[in-house]
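Participant:
Numbering (this note's numbering), first residue to last: 1249 to 1834.
1. Write down the C-beta distance between residue 1608 and residue 1581 rounded to the nearest angstrom, noting that I regard them as a contact closer than 8 Å.
2. Please go through the stretch 1467-1525 and give each complete beta strand (DSSP E) segment of 3 or more residues, from N-terminal end onward.
3. Relative to the C-alpha of residue 1589, which residue among 1741, 1606, 1612 is closest?
4. With DSSP collapsed to three states, give me the class of residue 1268.
5. DSSP on residue 1911, reduced to helix/strand/coil?
6. Got a sec, what are the start and stop residues for the beta strand (DSSP E) residue 1425 sits in?
7. Give a yes or no on whether the C-beta atoms belonging to residue 1370 and residue 1466 are separated by under 7 Å.
8. From what residue to what residue does the beta strand (DSSP E) around residue 1384 run?
9. Could you give the C-beta distance for residue 1693 and residue 1720, rounded to a whole number, given that I count them as a contact under 8 Å?
10. Does the Cβ of residue 1775 have 16 or more other Cβ atoms within 10 Å, making it buried, or fewer, making it exposed?
11. With a threshold of 16 other CB atoms inside 10 Å of the CB of residue 1558, please say whether the residue is buried or exposed.
12. Quick one: any contact between the stretch 1727-1737 and the stretch 1750-1767, if contact means 3 or more CB pairs under 8 Å?
13. Inspect the beta-carbon positions of residue 1696 and residue 1745 and report whether they are closer than 7 Å.
14. Is residue 1708 helix, strand or coil when you go by DSSP?
15. Which residue's Cα is closest to the Cα of residue 1412: 1616, 1492, 1663?
16. If we count the other Cβ atoms within 10 Å of its Cβ and call it buried at 16 or more, is residue 1408 buried or exposed?
17. Could you compute how far the alpha carbon of residue 1551 sits from the alpha carbon of residue 1574?
18. Under a Cβ-count criterion, where at least 16 other Cβ atoms within 10 Å of its own Cβ denotes burial, should residue 1485 be classed as buried or exposed?
19. State the DSSP-derived secondary structure class of residue 1549, mapped to helix, strand or coil.
20. Buried or exposed, going by whether 16 or more other CB atoms sit within 10 Å of the CB of residue 1622?
21. Can the beta-carbon of residue 1378 be found closer than 7 Å to that of residue 1424?
22. Under three-state DSSP, which class holds residue 1623?
23. What do you get for residue 1509, buried or exposed, if any count of 16 or more other CB atoms within 10 angstroms of its CB means buried?
24. Can you name the start and end residues of the beta strand (DSSP E) that residue 1637 belongs to?
25. Given a cut-off of 7 Å on the beta-carbon distance, is the pair residue 1701 and residue 1593 in contact?
26. Exposed or buried, residue 1713, counting other C-beta atoms within 10 Å across all chains shown (16 or more means buried)?
27. If I follow the unbroken alpha helix (DSSP H) through residue 1448, where does it start and stop?
28. Within this structure, are the beta carbons of residue 1527 and residue 1459 separated by less than 7 Å?
29. Determine contact between the stretch 1637-1647 and the stretch 1681-1693, defined as no fewer than three beta-carbon pairs at a distance below 8 Å.
30. Within this structure, are the beta carbons of residue 1665 and residue 1617 separated by less than 7 Å?
31. Excluding five sequence neighbours on each side, which residues of the same chain lie with their C-beta closer than 7 Å to the C-beta of residue 1598?
32. What is the rounded straight-line gap between the Cα of residue 1481 and the Cα of residue 1328?
33. May I ask which residues mark the beginning and end of the beta strand (DSSP E) holding residue 1607?
34. What first and last residue would you give for the beta strand (DSSP E) that runs through residue 1378?
35. Would you mind stating whether residue 1476 and residue 1427 have Cβ atoms separated by less than 7 Å?
36. Could you please give the first and the last residue of the uninterrupted alpha helix (DSSP H) stretch that includes residue 1412?
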């Protein structure tokens, strides 16, 4: 009895409303059979490169001496007016091997010391970057951030995206216009090339839904207004199989359907670890590595046959659509990234030193872990978990200092994760005052989070969530469904818990025939349920305090769907209603 009451009180501590925080040579050089390969995308040649004199580094690591040049950003309305009225801009194509010549730089710089875990997308690093043009240090962060945000917001529109639809005039309006006081116009084109390519790489790595463009874009640059204002924009390029709007739309619909299907199936797994394992295993079981694409001559496969092996569409659709080619490493990695993002797990893609291999870094709890599905996949016949949730960046063939990316932006450092018992929540850091209590209820399967990756320590608790916790404490005994409450249908994550609570006189619900599944629980109701769960009323308590009577302070409405008129939201924007997964069970 004492042990059970202690467990209840621990759960109660974590669930009381609005508790404040008190402190708050490897695969890149050989294929899976050991043959030397040259990646069609990564080895594509380009004669375009910036002249010497432009460098980039993190603001925090910049030399203390020297004043930053602050670009003057024109408003979005001013930029759009310039684009509409400008003469055709100078346009040029950028491909994956592009890397700005950095001029004089310390060759002994250790990039390992520069890596940071303080980001969840590559684009989040852009505001901290500084360019050197001649002897000028330019704070280009605001320019980069606006360009990145404009295009990313457009990509979120799906088939209505200007980028997706190939509407060039609309894409140009997603660009930016700015001035650089005191910076010679001779640097303008080089700056635009370097800026635009960094932004494109971040978008390409952060947005697996941009499946139709990989390592390829065009840019426009116009030094208008007497050469004092730079107008720039980025147009992601299309590969074979994605060149027409019909092709992109057809695959987009199929891709969305498959992603939604897998995400729905993943809801049967409560923890982030289990969801990741499900996605990993499905991708292994339903794909075969595309050796033909990996070994193709420079650019020929993606230009003449298909660009899908390098896209998320390949690993998700090749098993059901014979016209979609099977994936190379990028296809596996982008598909896994997309699925993780859809369930709230932060995942990034990682490129190797030579640029010929890609895998994932996944944020699991407050640490990062590596996943390499390419190496785990047994071409559809068998697979392993040898590279699942491992610190794989330190092993042979998984070095991260990609000359085309990490010279400028950094990857998160990794920790090995080997147990699903590891606390998976981003919002419960190591120094959080209640971490040990969250760990206790998680380890004992009394509670999981509001999502598989967020615990929600400060959100308010609903009546259905609280009885589910009590039901978990009781060991989840079997119950037979009865239509006891108007708002408790069969088959919901809270159904068995509510029926159990009613049958065991832990709660009687409201007098309007509803339980109030979405109502925030009051302290009075919580203590009454706890008391009844732990043994009922005591002899010295009032005799008319009948077990099972919640005595709600406020009379609920007669609406069986929402007895308060409000649906409580959590910190992630999800609502703990019928559309969510079980937020308190395992």
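Each residue gets a CB set at the ideal place from its N, CA and C atoms; glycine is no exception. Predicted, not measured: the structure shown is a model, and the values here were computed from it.
Facilitator: Taking the geometry as given:
1. 5 Å
2. 1477-1484
3. 1612
4. The predicted model places residue 1268 with a pLDDT of 27, which falls under 50 and marks its position as unreliable, so this point remains unresolved.
5. This structure leaves residue 1911 out entirely; the chain is present only between 1249 and 1834.
6. 1424-1427
7. no
8. 1384-1387
9. 6 Å
10. exposed
11. buried
12. yes
13. no
14. coil
15. 1492
16. exposed
17. 16 Å
18. buried
19. helix
20. buried
21. no
22. helix
23. exposed
24. 1636-1638
25. yes
26. buried
27. 1436-1454
28. no
29. no
30. yes
31. 1606, 1607, 1608, 1609, 1648, 1659
32. 11 Å
33. 1606-1612
34. 1377-1381
35. yes
36. 1410-1413
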